[in-house]
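Only one structure is covered here, and it is reproduced in the block below.
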RNA sequence: GGGGUCGUGGUGCAGCCUGGUUAGCACACUGGACUGUCAAUCCAGAGGUCGCGGGUUCAAAUCCCGUCGACCCCGCCA
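Given below as structure tokens:
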């Protein structure tokens, strides 16, 4: 190092020099971002993590430095020594924080050269993501990419500071663990020492954090990697990071404010945003009824209306039958949507069908009456309908009749599309809410059994405990989701801490006692040794960072993300392995089918 | 597993629908000129298996089939 640097020491970063530094002799190190060669005079914008500083190479100052600067190309690594001087009047650059000054370079050292780059680092340059990821180490030199990781770092620090202040212990849990049934597909790791046996990478530290509570740690958190072998999306990676939290002796209403405090701290420190507390709370049923979603976006209105009663005895047989069969008719008013073309309406109908609806009734409210494929059935209901939906001329009404919650969820999906199309979504705004009282279980038609909505360790609400025997589908869980701008940002629950209840839950889910013992025996046993009441939450760190960074995809806030097929363009993982490695593991690959 | 968009010098795109000049433009790159630029400017130049394979045709970047890859969506993600 010393040899290369020749005793030079960096005195300042490229982001900090101001008019107050004029006259000082400084040493800067960084990358040549841009070079402007005027023949007699050469300008180089030197870039490091903190910013840009213009360096001037004048033969009158140093002929040697000037001639070396002629060889400088993009992304050469440079060390410069020189004097900070005020730029000549009229040549200041207001776009740069350092734009009032420049370095009159007396000595230049090229620390390393660079080949021409495979893509430009200019901010405005659009580059294919696959190319960016293959050369991610170059991509991150772009200030707008770096910025996302600064935000990520600050969020993590705010989380740690806050939780430590609240008495939480940061504890690590194993990555090599055992496969859990249910949930996502596991990533498996073959064991060499126990041939034929496999570890699984954790989908979350769920069981371990409960064991930490049995262990008396009382308040635990971890910023931890989780692994799920499922298909990817712009907000889903095979490995992602959670802020994982668990507490003892707290009921839901004592725990949620702790999480609110964490979010307040993060948004305040990182975004300068004041989130009002307490966060609004919506029961699951209410969220579905009003917004057609269990993760409602509260940044805009477009609430759904309950219209079932209007159709009980109506001439519109289709809906009357739906209501008679215990279903519901839900309505959505699209303000000013009366001008939509036939094609746009057809697209809405298509979208409704692909969301699972049998159909979609649209109604244009014209000054002279209703216009709709079923207008003649609706005309008698006109006043009731317009009143219920608060609709007037120029509006479009969308109606779906089906079983709940499907009817509402179909409109909930259209609600999002329409908000986008009508640009009702305010930018730079954050609306946070809790969704509570989720159903404990839901009936799985294909498996012919009850499935846990959250996970099998989630406690039912105390008053709903008897329902486990009589009407499991109506039992509500002590589960909660934190929703920000229509995205699930965190989810958690109060856990079952009594073995008898846990066994009852397994039974309900069709997990036989011996099967439960085989899979979760260690947890069941732990619950028998004085497990405290406990509950917690897991927040998706990547999504939180993306939200605060204003990025669509979490790939933008992960240093080395995977493509949609789960590959890494930089390392070419996953890759075949040496046959000897497979032999050690006792693994033979099956022939291709 | 299914649907959609895209794939053309290093990068970003046009050309494709309606097959036929030497595949065009911008940026980057190379050489030259230039002492106040900051997306420097001006002059000159080099750089292409049109993702891959097959088919149709006198002729394919262009039409057809297959395949691979990237992205978006549905399913999936307790």
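In this note's numbering, the protein residues as written are 189 to 781. C-beta: ideal position from N, C-alpha, C; glycine also.
Top-ranked residue by Cα proximity to residue i, from the options
i           : options            : result
residue 745 : 735, 752, 754      : 735
residue 572 : 493, 633, 640, 696 : 493
residue 291 : 307, 585, 254      : 254
residue 391 : 424, 488, 544      : 424
residue 321 : 760, 772, 776      : 760
residue 357 : 347, 363, 366, 259 : 347
residue 238 : 209, 203, 251      : 203
residue 410 : 728, 758, 770, 767 : 728
residue 439 : 458, 683, 229      : 683
residue 589 : 657, 500, 481      : 500
Bounding residues of the beta strand (DSSP E) (the contiguous stretch that carries residue i)
i           : result
residue 675 : 675 to 682
residue 213 : 213 to 225
residue 727 : 722 to 728
residue 290 : 289 to 300
residue 162 : No answer is possible for residue 162: it lies beyond the span of the chain, which begins at 189 and ends at 781.
residue 554 : 549 to 554
residue 425 : Element bounds for residue 425: n/a, residue is neither H nor E.
residue 344 : Note, residue 344: premise wrong, no beta strand (DSSP E); alpha helix (DSSP H) at 331 to 353.
residue 258 : Run containing residue 258: none; DSSP gives neither H nor E here.
residue 145 : The displayed coordinates of the chain run from 189 to 781. Any statement about residue 145 would go beyond what the structure contains.
residue 407 : 407 to 415
Inter-residue spacing [alpha-carbon to alpha-carbon] between residue i and residue j
i           : j           : result
residue 189 : residue 243 : Per-residue confidence for residue 189 stands at a pLDDT of 44, beneath the threshold of 50, marking its modelled position as unreliable; the derived number appears in the next sentence. So the two alpha carbons sit approximately 24 Å from each other.
residue 518 : residue 596 : 6 Å
residue 486 : residue 673 : 6 Å
residue 601 : residue 520 : 11 Å
residue 171 : residue 569 : The displayed coordinates of the chain run from 189 to 781. Any statement about residue 171 would go beyond what the structure contains.
residue 542 : residue 264 : 53 Å
residue 751 : residue 495 : 45 Å
residue 562 : residue 669 : 39 Å
residue 355 : residue 407 : 7 Å
residue 716 : residue 389 : 27 Å
residue 367 : residue 373 : 9 Å
residue 371 : residue 678 : 17 Å
residue 329 : residue 231 : 20 Å
residue 261 : residue 282 : 25 Å
Contacts around residue i, its chain only, beta-carbon distance under 7 Å, and the 5 residues preceding and following it disregarded
i           : result
residue 443 : 435, 723
residue 555 : 581
residue 199 : 214, 215
Residue i beta carbon near the ligand ADP (any heavy atom closer than 6 Å)
i           : result
residue 435 : The ligand ADP is not part of the structure shown, which contains no ligands of any sort.
For residue i, the three-state DSSP class (helix, strand or coil)
i           : result
residue 366 : coil
residue 505 : helix
residue 615 : coil
residue 516 : strand
residue 821 : Outside the shown range of the chain, which is 189 to 781, sits residue 821, and nothing can be said about it.
residue 434 : strand
residue 781 : Unreliable placement is indicated for residue 781, whose pLDDT of 43 sits below 50; no coordinate value is reported for it.
residue 488 : coil
residue 307 : coil
residue 628 : coil
N-terminal and C-terminal residue of the alpha helix (DSSP H) that residue i is part of
i           : result
residue 241 : Looking at the DSSP string, residue 241 is not in any alpha helix (DSSP H); the run it does join, the beta strand (DSSP E), is 239 to 245.
residue 311 : First-last for residue 311: undefined, no H or E at that position.
residue 542 : 530 to 542
residue 398 : 394 to 402
Cutoff 6 Å; reference residue i; Cβ partners in own chain excluding five residues on either side
i           : result
residue 484 : 475
residue 323 : 306
residue 196 : 215, 267
Residues near residue i by beta carbon distance below 8 Å, same chain, minus five either side
i           : result
residue 514 : 591
residue 478 : 470, 484, 491, 492
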